[in-house]
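Colleague: As given, the protein sequences belong to chains A and B, one line each in that order. Residues in the first sequence are numbered consecutively from 1, following the numbering used here. Residues in the second sequence are numbered consecutively from 1, following the numbering used here. The structure follows.
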Amino acid sequence: MAYLKGGIHQNTLSGSGQGTLSDYEDMVDENTILVQRTLRSGQSIRYGGNVVILGDVNPGAEVTATGNIIVMGALRGVVHAGANGDEKAVIMAFRLQPTQLRIANHITRPPDNEKVDPELPELARIRDGVVTIEAFQTGGERQGKPV
Amino acid sequence: MGEIIVITSGKGGVGKTTTTANIGTGLAAMGHKVALVDTDIGLRNLDVVLGLENRIVYDLVDVTSGNCRLRQALIRDKKLEGLHLLPAAQTKDKTAINPEQMRQLCSDLKKEFDYIIIDCPAGIEQGFRNAIAGAEKAIVVTTPEVSAVRDADRIIGLLEAVELREPKLIINRIRPKMVRQGDMMSIEDIIDILAVDLLGVIPEDEMIVITTNRGESVVLDQNSRSGQAYRNIVRRLTGEEVPVLNFDENEGFFKKLKKMIGIK
Ligand SMILES: Nc1ncnc2c1ncn2[C@@H]1O[C@H](COP(=O)(O)OP(=O)(O)OP(=O)(O)O)[C@@H](O)[C@H]1O
Ligand SMILES: [Mg+2]
């Protein structure tokens, strides 16, 4: 797992856990960065892979990833998952209150005049050609495969 | 050795200059030696707000470009002995000084004053970069408006990037009644987004306009709520623990089904 904190510096992938990787090849994706801070207005992350953010994505901040985007906090800005056209990419956030969500070439926004204040983690993904949002559950049905 | 604090906001007109004047006056009234530095070159205001405009001979640019000594440019306040102003130049622009000159100036002031308070211009360009260059701490001022909070967030990100970490927040012009009615962002809403420590909350108060127009500071007015709020902020700055006045809220929160609208 590459690693990013403060600025943008990435370490190369470490070799640990290779055995596990080959056993579950289609379910494991090692190309992921961890962003250990809140992205504020005007700040952005672009990454060829998955992005996990340990913090909020504030209004005016942007995250673009070719893979999935997980926000362990409030997602209020604009995020684009599957930016190279991957329709299986998903977006998950503890508080999904985005300005705009983009998955592959679908662009969506919340309805006007509706203040959303989710209390549970939610997941956005493309289903039957439209971006849908559902409560995020672990353990049940698999929530969209990684790239 | 003094403490160097920059007052900044991103968005214009939210109360940076008012806050600089009141914090400086409040600290000086407590007996501290204070220097206020106006870095809003070309749009200087702090001298007017303090009622010192007619005493200006030299300014910030005269000091940084070596036209005069620092001591010559510092203006003593009319009433408070410990309060001094280094005015901005009015006939030049933001490029008349650079961050390195500001750092030098701040370290010179630090030797003589307990507090150096820097009034930052609006924006995120050179004026902002000059203002924060020599600062050790930052106070971000916002109003309860979405655009001001957005700019404050941007500023906090920029401050963090230059290691001015953990800025303190002042929320200005709050109207408790509007907050109660759900027509204005609440303190909680703002803190939720900005995630920084709250230094204080100043209510909307016409006494600010009245005192400012007289070249006085509301912090010395014992009867006004904004004066009280500024006095609390000054005490917190000096390390005292003073509870933040909070307005009761009963926003009936209701949950709605979330839908998304396709744009493309
Ligand atoms: N709490 C308040 N209640 C009423 N009026 C206020 C309050 N705070 C500030 N004001 C008024 O708002 C105006 C703008 O304030 P101020 O000049 O301090 O803002 P600023 O952030 O320094 O602006 P600029 O970005 O132009 O430098 C002034 O006229 C001031 O008197
Ligand atoms: Mg000002």
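Glycine included, C-beta positions come from ideal geometry on N, C-alpha and C.
Who are the near neighbours of A/Glu-134 in its chain, counting only those whose CB is closer than 6 Å to its CB and skipping five residues on each side?
Modeller: Around A/Glu-134: Leu-123.
Colleague: Can you tell me whether A/Arg-125 is helix, strand or coil according to DSSP?
Modeller: Strand, per DSSP.
Colleague: Around the Cβ of B/Lys-79, are there at least 16 other Cβ atoms within 10 angstroms (buried) or fewer (exposed)?
Modeller: B/Lys-79 is exposed by the Cβ-count criterion.
Colleague: Note down, one range per segment and in chain order, each alpha helix (DSSP H) of at least 4 residues found wholly within the segment 118-156 of chain B.
Modeller: The segment 118-156 of chain B contains these whole alpha helix (DSSP H) runs: 126-133.
Colleague: Count Cβ pairs between the segment 42-59 of chain B and the segment 129-138 of chain B that sit closer than 8 Å; are there 3 or more?
Modeller: Verdict: no, contact absent.
Colleague: Cβ of B/Ala-122 versus every heavy atom of ligand 2: is any distance shorter than 8 Å?
Modeller: For ligand 2, at least one heavy atom lies less than 8 Å from the Cβ of B/Ala-122.
Colleague: Hey, would you say B/Asp-114 sits closer than 9 Å to B/Leu-27, going by beta carbons?
Modeller: Contact flag set, yes.
Colleague: Check whether the Cβ atoms of A/Leu-96 and A/Val-78 lie closer than 9 Å to each other.
Modeller: Against a cut-off of 9 Å, the Cβ pair of A/Val-78 and A/Leu-96 comes out as no contact.
Colleague: Find out if the Cβ-Cβ distance for the pair B/Val-37, B/Asp-108 is shorter than 9 Å.
Modeller: No, these two residues do not count as a Cβ contact at 9 Å.
Colleague: Please return the same chain residues whose Cβ sits closer than 6 Å to the Cβ of A/Leu-85, not counting the five positions on each side in sequence.
Modeller: Residue identity differs from the one stated: residue 85 of chain A is Gly in this sequence, not Leu. Contacts found: Ala-104.
Colleague: So, with DSSP's three-state summary, where would you put B/Lys-94?
Modeller: Three-state result, B/Lys-94: helix.
Colleague: Do B/Lys-168 and B/Leu-196 have their beta-carbon atoms positioned less than 9 Å apart in this structure?
Modeller: The amino acid at residue 196 of chain B is misidentified as Leu; the sequence shows Val. Cβ atoms of B/Val-196 and B/Lys-168: closer than 9 Å.
Colleague: Can you tell me the Cα-Cα spacing of A/Gln-43 and A/Ala-61, whole angstroms?
Modeller: Cα to Cα, A/Gln-43 sits roughly 5 Å from A/Ala-61.
Colleague: When burial is assigned at 16 or more other CB atoms within 10 Å of the CB, is A/Val-130 buried or exposed?
Modeller: Answer is exposed; the Cβ neighbour count stays below 16.
Colleague: Roughly how many angstroms separate the alpha carbons of B/Thr-18 and B/Glu-100, rounded to a whole number?
Modeller: Cα to Cα, the separation comes out at about 27 Å.
Colleague: Within the present structure, is the beta-carbon of B/Thr-212 separated from the nearest heavy atom of ligand 1 by less than 8 Å?
Modeller: The answer is yes for B/Thr-212.
Colleague: Within this structure, are the beta carbons of B/Val-57 and B/Ala-35 separated by less than 9 Å?
Modeller: Not a contact, by the Cβ cut-off of 9 Å.
Colleague: What does A/Thr-38 touch in chain B if you count any residue whose Cβ is under 8 Å from its own?
Modeller: In chain order: Ala-195.
Colleague: What first and last residue would you give for the alpha helix (DSSP H) that runs through B/Leu-194?
Modeller: It spans 187-194 - the alpha helix (DSSP H) in which B/Leu-194 sits, taken as one unbroken run.
Colleague: Closer than 7 Å between beta carbons: that is the criterion. Which residues of the segment 140-161 of chain B meet it against chain A?
Modeller: Against chain A - using a Cβ distance shorter than 7 Å - the residues of the segment 140-161 of chain B are Arg-150, Asp-153, Arg-154, Ile-156, Gly-157.
Colleague: Relative to the alpha-carbon of B/Glu-163, which residue among B/Val-146, B/Met-185, B/Glu-136 has its alpha-carbon at the smallest distance?
Modeller: Of B/Val-146, B/Met-185, B/Glu-136, the residue nearest in Cα terms is B/Glu-136.
Colleague: How would you label B/Ile-187, buried or exposed, when you count the other beta carbons within 10 angstroms and need 16 or more for buried?
Modeller: Burial call: buried.
Colleague: Can you give me the Cβ contacts of B/Ser-9 inside the same chain, cut-off strictly under 8 Å, excluding the 5 residues immediately before and after it?
Modeller: Hits under 8 Å: Gly-15, Lys-16, Cys-120, Ala-122, Val-140, Val-141, Thr-142, Ala-148, Asp-151, Ala-152, Ile-155.
Colleague: Alpha carbon to alpha carbon, how far is B/Ile-117 from A/Leu-21? Give it in angstroms, no decimals.
Modeller: Here A/Leu-21 scores only 49 on pLDDT, less than 50, and its place in the model should not be relied on; the value that follows carries that caveat. Answer to the nearest angstrom: the Cα atoms are 56 Å apart.
Colleague: Output, in chain order, the set of chain B residues within a Cβ distance shorter than 7 Å of A/Ser-41.
Modeller: Result: Arg-150, Asp-153, Arg-154, Gly-157.
Colleague: Assign B/Arg-69 to buried or exposed, taking buried as 16 or more other Cβ atoms, counted over all protein chains shown, within 10 Å of its Cβ.
Modeller: B/Arg-69 should be labelled exposed.
Colleague: Determine which residues of the segment 58-73 of chain A have a Cβ less than 7 Å from any Cβ of chain B, and write them out in chain order.
Modeller: Taking 7 Å as the Cβ-Cβ cut-off against chain B, the residues of the segment 58-73 of chain A that qualify are Asn-58, Pro-59, Gly-60.
Colleague: Pick out whichever of B/Leu-198, B/Asp-77, B/Leu-60 has its Cα sitting closest to the Cα of B/Asn-54.
Modeller: When only C-alpha atoms are compared, the closest one is B/Asp-77.
Colleague: Measuring CB to CB, does B/Ile-23 end up less than 9 Å from B/Val-218?
Modeller: No, these two residues do not count as a Cβ contact at 9 Å.
Colleague: Name the residue from A/Ile-107, A/Pro-121, A/Thr-138, A/Glu-119 whose alpha carbon lies nearest to the alpha carbon of A/Thr-64.
Modeller: Considering only alpha carbons, the answer is A/Ile-107.
Colleague: Determine the burial state of B/Lys-111: buried for a count of at least 16 other Cβ atoms within 10 Å of its Cβ, exposed for fewer.
Modeller: The residue in question, B/Lys-111, is exposed, as its Cβ has fewer than 16 Cβ neighbours within 10 Å.
Colleague: By the three-class DSSP mapping on this structure, what secondary structure does A/Asp-29 have?
Modeller: In this structure, A/Asp-29 counts as coil in the three-state DSSP scheme.
Colleague: Once you ignore the five residues that flank B/Asp-93 on each side, which residues in its own chain have a CB closer than 8 Å to its CB?
Modeller: Excluding residues within five positions, the ones whose Cβ falls inside 8 Å are Ile-41, Gly-42.
Colleague: Ends of the beta strand (DSSP E) at A/Gly-73?
Modeller: Looking at the DSSP string, the run of the beta strand (DSSP E) that includes A/Gly-73 is 69-75.
Colleague: For a test of the three-state rule: what should DSSP assign to B/Gln-101, helix, strand or coil?
Modeller: Helix at B/Gln-101.
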